[in-house]
Every structure is written in structure tokens, then in C-alpha cells.
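Quick note: the sequence shown uses UniProt numbering, first residue 1, plus one each step. The block underneath contains the structure these notes are about, expressed in C-alpha cells.
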Amino acid sequence: MRAFFASWLPSPTTANRREQLRAAFGALCGILLTALLSQALLQNTHASIFLVAPIGASSVLLFALPASPLAQPWSVIGGNVVSGLAGAACVRWFGDSLPLPLLAGLACGSAIAAMFFMRCLHPPGGAVALTTVIGGPLVHAAGFEFVLMTVLADSILLVLMAVTYNNLTGRAYPHQQTSPHPNPHATRDAVPTVRLGFKPEDLDAVLQQHNQVLDISRDDLESLFMQTEQRAYQRRFGIINCADIMSHDIVSAEFGTGLAEAWQQMRIHHVAALPVLNRARRVIGIVTQTDFLEHGGLDDYGSIRQQLQRFLRKSGITHTEKAEVVGQIMTQHPTTARVDTPIVDLVPLMADSGFHHIPIVDEEQRFVGIVTQSDLVAALYESRFAETAA
């Protein structure tokens, strides 16, 4: 019996206490401001109701599950309004001929069908449809105006609150769907991480076979699978951190390092990139051979030597539009990793995103080394070779 009743309980939430408080406070602020603004906007209209109960259910999705497909702006606004219109239509057309239980069921069923058709599935929409049926004479008298005034205003205001609050507290909203693994080299080849293991079409086939609505976006689900694969790899072959494979004796540059000096250092040491550090040895950028070529306007490869020499040569004047130092051509805020970052976390960055060099920083964000694609390939080869030999 204990096991039977335990199966009715949901799994423990993975959100920590801080995230729970963030969501709760967001709903508090969202509903409060929505109520105040809606009351002010609707006080001079025929809509005497300024706040509907289903908006409270919408606030749970908007602030506790902002990445959910059911909580996106069109889902909230469209779902609530479409459901309200479906419910109001049922009341107007069948309110005098159907018993209340049947009318309520018809309103909710029609709302779900309409939300599926309009691609705005939103669970509180069912409550909006039901409200139009059991809301009493005041709601019945308002009819479609109740939906197009109160429900619409509440939904738009709550979405605006969610956009503001979620982004201010570190939760991107609306949730941006990522493109399906674009190749950084603009070719038709799949990115390396999906050439082995499961592929996007595998996930699409399984989702189609599952044939149910999931409260998680497809790209988030794929990302979770990829991260699970990485953790499984670590458990099987051991954890190798960036500190184990990074190069320590690194040639670097400062913001004010001259272009000619930086280029010469890259040629002398046969490297394709220089991390750019400030005086506290924190990474402020990275300059690569590609930066020199792009900013040097080296499109005519027949005269590349002359153009490069002209680009590296100082202009000799104080104010010029020509780049003179590394800081003017570097890539700012480059992607970095910590010394304790497992190297498998670098695989998507280097294989799929096209990064060739990842600066490594310590716990104080100070530069301590760099990991290149060659370092990563060698480390992964050695780990597999050691596992095979064992």
C-alpha cells in the first residue's frame, strides 16, 4: 500500500531554494502589478471585472517554468483569449439549451481543440473557458467583451511582467529556440558531435512515436541528452580536467601591444592566437590570425604580403581610423573555462561552435593557460587508448 500511494507523488523538484523563492516572488510582483494596472485601465470601461482567477495559474508557468513551451508569450495570450472566446461562444449559442455540466465540458473541449489549432496550448486556458460558463450573470452579460477586455488585458500585462522580471533575475524569457546545430564552416556536413551518438532526427522520431505533449522544448530536451552523454563519458573513462592538459607557458598580449609585435610573436612561436590580458592577468579578449586577416582587408591574396605589411606598419599619427594595437582588433569577452572544467565540456565548443583556443582561468578568473584543439584531441585519444589497453 505504501508503494502504491508513493507512486502518486511527483519526483522531488530539482530547483534549489533560491530558484523557488525567485519564482514565488516573481508571481507575487506579477499578479500585484497586473491587478493594479488592469484595474486602472478598465475602470472607465463596461468591464467591471479587472482580474480573473486563471491568471494565477498562468503566473505559475510564467515565473516557475519560463522555458516551458506552454509558458511562451503566444501560448499565454493566445491560449487564454482563444479559450475565453470558445467558452463565450458556447454560452451564447448553447447556454439556454444545454445543462451546465455538459456546457462546461463543451467549453473546455472546444478550448483545447482551438488551442491545438492555433498552436497556443496553455493549461490555464481551460480555466478561462470554464470561467465564462460558471462565472455567473455578470460574466454572461459581458460575453465576448469579458474576454477581449479583461482576459486579454490581464494576459498581456502578466506577460510583460514576466519578460521584465525573468530577464532581470537571470532567466531568459521568452525562451529562444536554438537552430539545429549550424555548421560553423557553412557546409552541409553535420557538426562533429552529432556524427556519432544520437542524432536530431533520432530525437524527432522518438518524439513522434511518443505522441504526447511534453512540457519542455525540443532544443532543451536535446541539450539535456547531450549533457547526459557527457556525464556518462566522464564516468566511464574518468574525469580529465583542463588543468591536466592545458599549456602553461603561454605567449600573451596586452590591449596596447602593437600589431606588428603581436604578429611577430605569433610567427616566432607558431601559434594561431594570443590571449589578451589586463594587468591583473584577467582575460579581456583573444586575437587570432583571422582577426588580422579580417581587419587588414586581405581579400586579394595575390598581394597579401604587401597588404599585411601595410596593415602592421604604424601610421605615425596620433588620430587615425587605422587599427594600431591588439585591443582594436581582438575578439572581446572570449569564451573561457576554469582549471577544474572537465575537458568533455569543451568538446561542443571546439567541435560544433568552431573555437580553436579556449583560455583557462583559475577561481579568481586569472589567466593560467590555454587549451587548443590539438590538446583536446590528444587527451581524448590517450584516455581511450588507456581504456583499451586496460
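Even for Gly, the Cβ is constructed at its ideal location relative to N, Cα and C. A quick note: this is a predicted structure, and the numbers were derived from the prediction, not measured.
| Asked | Found |
| --- | --- |
| Rounded C-beta distance between Ala107 and Ala141? I'm assuming under 8 Å. | Not really, about 17 Å apart at Cβ, beyond 8 Å. |
| Sort Leu51, Gly170, Val339 by Cα distance to Ala23 and report the nearest one. | Gly170 |
| In chain order, which continuous runs of the beta strand (DSSP E) of length 3 or greater are located wholly inside the UniProt domain "CBS" (246 to 304)? | 273 to 277, 283 to 288 |
| So, using beta-carbon positions, are Arg92 and Gly143 closer together than 9 Å? | yes |
| Would Val276 and Ile286 be called neighbours here (beta carbons separated by less than 9 Å)? | yes |
| Do you know offhand how far Gln227's Cα is from Pro66's? | 21 Å |
| Tell me where the alpha helix (DSSP H) around Pro12 begins and ends. | First-last for Pro12: undefined, no H or E at that position. |
| Taking DSSP's pairing of strands, which residues face Pro69 in a bridge? | Pro69 pairs with nothing; no bridge assigned. |
| What runs of the alpha helix (DSSP H), each 4 residues or longer, lie entirely inside the region 315 to 364? | 347 to 351 |
| Could you give the distance in angstroms between the alpha-carbon of Leu259 and the alpha-carbon of Pro348? | 31 Å |
| Would you decide whether Trp263 is buried or exposed? Buried here means 16 or more other CB atoms lie within 10 Å of its CB. | buried |
| Quick check on the DSSP output: the alpha helix (DSSP H) that includes residue 392 runs from which residue to which? | Because the chain spans 1 through 390 in this model, residue 392 falls outside it and cannot be assessed. |
| Can you tell me the Cα-Cα spacing of Leu380 and Arg338, whole angstroms? | 18 Å |
| Three-state secondary structure (DSSP) at Arg171? | coil |
| So the alpha helix (DSSP H) Phe367 belongs to, where does it begin and stop? | Unbroken run through Phe367 is the beta strand (DSSP E), 367 to 372; no alpha helix (DSSP H). |
| Across the region 119 to 134 and the region 50 to 57, are there enough close Cβ pairs to call them in contact, namely three or more that are closer than 8 Å? | yes |
| Measuring alpha carbon to alpha carbon, tell me which residue in Val76, Glu229, Arg231, His210 is nearest Ser155. | Val76 |
| Could you say which of Ile240, Ile239, Val326 lies nearest to Asn278 if we only look at CA atoms? | Val326 |
| Can you give the beta carbon distance from Val82 to Cys120, rounded, assuming they're within the 8 Å contact cut? | 6 Å |
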